[in-house]
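First comes the structure, then the notes that go with it.
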Amino acid sequence: MDVPGLDNAVPVRLNMEGGAMGRMQSAVLNGERKSFRDLVDENEYWALNGTVGMPDAPHAGLALGQTVKLEISNDTSFPHAMHLHGMHFREIGEDGTLGPLRDTITMFRGETRTVVFVADNPGDWLFHCHMLSHAAAGMMTWMRVT
Ligand SMILES: [Cu+2]
Numbered sequence: 012m013d014v015p016g017l018d019n020a021v022p023v024r025l026n027m028e029g030g031a032m033g034r035m036q037s038a039v040l041n042g043e044r045k046s047f048r049d050l051v052d053e054n055e056y057w058a059l060n061g062t063v064g065m066p067d068a069p070h071a072g073l074a075l076g077q078t079v080k081l082e083i084s085n086d087t088s089f090p091h092a093m094h095l096h097g098m099h100f101r102e103i104g105e106d107g108t109l110g111p112l113r114d115t116i117t118m119f120r121g122e123t124r125t126v127v128f129v130a131d132n133p134g135d136w137l138f139h140c141h142m143l144s145h146a147a148a149g150m151m152t153w154m155r156v157t
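With our numbering, the residue at position 123 of the sequence shown is 134, and numbering never jumps.
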């Protein structure tokens, strides 16, 4: 899969936080900011861009055909297999080389990595950790392609 348009790619950030031995102090759950301790009491442990679980608004609203450069940072103490529905991506190295076509990237603790893709599939697409207990405890969001 070619990824044209990298020079004009839309930048999107994803910050992964939470879990034991993490640094997350608080996050938003159902529109309300809560301390990590209160989140744990509700069996919610993980946040993406400061929100626990599915936000009302998409993490990113993408125009059909737009090239996207998605930078992901894992600020937790655990590995997470981040899985995007609807589209495949390729990791881009610092030298600009493109890795293999994937729909999941395993993010180890402390890593920041960048993937690129063309938003070529209209719809609302889940983007979540594939450790499903993590997804169920907050580690999921979604993107919209229109
Ligand atoms: Cu996870």
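For every residue, glycine included, the Cβ atom is placed at its ideal position computed from N, Cα and C.
Rounding to the nearest angstrom, what Cα-Cα distance links residue i and residue j in this structure?
| i | j | result |
| --- | --- | --- |
| Val127 | Lys45 | 33 Å |
| Thr157 | Ser144 | 30 Å |
| Gly33 | Asp86 | 7 Å |
| Asp49 | Met150 | 17 Å |
| Ser84 | Ala146 | 17 Å |
| His70 | His99 | 17 Å |
| Asn60 | Gly107 | 26 Å |
Check the C-beta distance from residue i over to residue j and give it rounded, since I have them as a contact under 8 Å.
| i | j | result |
| --- | --- | --- |
| Leu137 | Asp114 | The Cβ separation is near 11 Å, so there is no contact. |
| Ala58 | Ala130 | 24 Å between Cβ atoms; not a contact. |
For residue i, report the span of its beta strand (DSSP E) as first-last.
| i | result |
| --- | --- |
| Phe128 | 123 to 129 |
| Phe100 | 100 to 103 |
In the DSSP assignment, find the alpha helix (DSSP H) that holds residue i and state where it starts and stops.
| i | result |
| --- | --- |
| Ala74 | Where Ala74 is concerned, there is no enclosing alpha helix (DSSP H), given that its DSSP letter is neither H nor E. |
Would DSSP call residue i helix, strand or coil?
| i | result |
| --- | --- |
| His139 | strand |
| His94 | strand |
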